[in-house]
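In the working numbering, the protein residues as written are 1 to 227.
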């Protein structure tokens with residue numbers, strides 16, 4: 001059974017530190033907010049926008065497995081609603097509400113911007129902390145050679161956890177994302193990312209303790225899934 005202990009917390013911190021890039025914030029022409037089930041992402045995006053970190057926003061994402069409670073709203077629509085409530089001008093937000101995974105988030109946003117506007121000179125992508133590396137690797141595969149910053153709400157691992165985003169759920173997701181870092185470049189979903197031995201070891205130890213990515217125990221590599 002996967003439980004919180006001093007050992008699992010220490011191993012999980014290794015994965016958190018790997019997935020979260022902690023890049024310095026930079027202003028950009030376009031902010032892309034990757035839809036997910038955590039409204040804190042939208043709240044932080046609104047905070048950044050109101051501080052002048054971007055000129056306009058694209059909120060992207062259909063309702064997923066963990067965000068079905070947003071229905072009939074998509075993740076993009078729910079995030080836009082939150083950002084507007086926080087003071088962002090509705091006219092500054094574009095919606096992309098069809099994407100079902102990170103690759104589609106970037107692909108469909110790229111198509112939207114190419115159709116409606118001149119391509120922005122720079123991007124600030126806002127996502128969940130443990131999605132930062134995956135977002136970077138995916139963006140640079142789908143839309144290379146762009147001026148890009150990836151960011152997330154500035155919380156520590158322990159601060160991020162709550163009743164909805166529990167230790168078990170977050171750690172299980174992080175284990176799965178390590179395997180995606182390994183598998184997805186060969187499948188054409190993202191650029192390659194180095195995985196330090198310390199990260200692989202922590203990932204495998206967490207799997208042995210019951211934290212199997214996607215709710216299943218699996219040997220490296222994971223079975224193929226959509227990005």
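Positions of the beta carbon are idealized from the N, C-alpha and C atoms, including for glycine.
In the DSSP assignment, what residue or residues form a beta bridge with residue i?
{"i": "residue 151", "result": "126"}
{"i": "residue 96", "result": "60"}
{"i": "residue 31", "result": "57, 124"}
For residue i, collect the residues of the same chain with a Cβ closer than 7 Å to its Cβ; drop the 5 residues on either side in sequence, then sort them by chain order.
{"i": "residue 155", "result": "129"}
{"i": "residue 221", "result": "Residue placement at residue 221 is flagged as unreliable, the pLDDT there being 36, under the threshold of 50; a coordinate-derived value is accordingly withheld."}
{"i": "residue 217", "result": "Confidence in residue 217 is poor, its pLDDT being 36 and thus under 50, which makes the residue's placement unreliable; the coordinate value appears in the next sentence. Hits under 7 Å: 207."}
{"i": "residue 103", "result": "138, 142, 189, 227"}
{"i": "residue 146", "result": "123"}
Let me make sure I understand the geometry here. Which of the options has the alpha-carbon closest to that of residue i?
{"i": "residue 25", "options": "3, 131, 153, 203", "result": "153"}
{"i": "residue 149", "options": "199, 8, 108, 22", "result": "22"}
{"i": "residue 188", "options": "124, 85, 139, 7", "result": "139"}
{"i": "residue 82", "options": "211, 49, 135, 201", "result": "49"}
{"i": "residue 110", "options": "34, 208, 14", "result": "34"}
{"i": "residue 202", "options": "85, 15, 4, 91", "result": "15"}
{"i": "residue 198", "options": "4, 51, 12", "result": "12"}
{"i": "residue 37", "options": "144, 131, 142", "result": "131"}
{"i": "residue 115", "options": "72, 126, 96, 100", "result": "96"}
{"i": "residue 88", "options": "147, 40, 52", "result": "52"}
{"i": "residue 210", "options": "40, 175, 158, 47", "result": "175"}
{"i": "residue 90", "options": "98, 100, 78", "result": "78"}
{"i": "residue 2", "options": "166, 146, 86", "result": "166"}
{"i": "residue 43", "options": "144, 158, 126, 141", "result": "126"}
{"i": "residue 185", "options": "63, 134, 147, 17", "result": "134"}
For residue i, which residues from the same chain have a beta carbon less than 6 Å from its beta carbon, with the 5 sequence-adjacent residues on both sides left out?
{"i": "residue 137", "result": "190, 191, 193"}
{"i": "residue 39", "result": "82"}
{"i": "residue 200", "result": "none"}
When you compare the CB positions of residue i and residue j, do they come within less than 8 Å of one another, or not?
{"i": "residue 45", "j": "residue 61", "result": "no"}
{"i": "residue 19", "j": "residue 177", "result": "yes"}
{"i": "residue 124", "j": "residue 151", "result": "yes"}
{"i": "residue 106", "j": "residue 143", "result": "yes"}
{"i": "residue 108", "j": "residue 121", "result": "no"}
{"i": "residue 113", "j": "residue 119", "result": "yes"}
Note down, in chain order, each residue of its chain lying with its Cβ closer than 8 Å to the Cβ of residue i, except the 5 sequence neighbours on either side.
{"i": "residue 219", "result": "Reliability of the predicted coordinates at residue 219 is poor, the pLDDT of 38 falling under 50, and the value obtained from them is presented with this limitation in mind. For residue 219, where only same-chain residues beyond five positions count, there are no Cβ hits under 8 Å."}
{"i": "residue 93", "result": "56, 57, 58, 59, 80, 83, 84"}
Given 7 Å as the limit, tell me if residue i has its C-beta closer than that to any heavy atom belonging to the ligand NAD.
{"i": "residue 170", "result": "In terms of ligand content, the structure shown is empty, and the ligand NAD therefore cannot be addressed."}
Does the stretch 21–36 touch the stretch 50–57, meaning 3 or more C-beta pairs lie closer than 8 Å? yes
Count Cβ pairs between the stretch 157–175 and the stretch 5–15 that sit closer than 8 Å; are there 3 or more? yes
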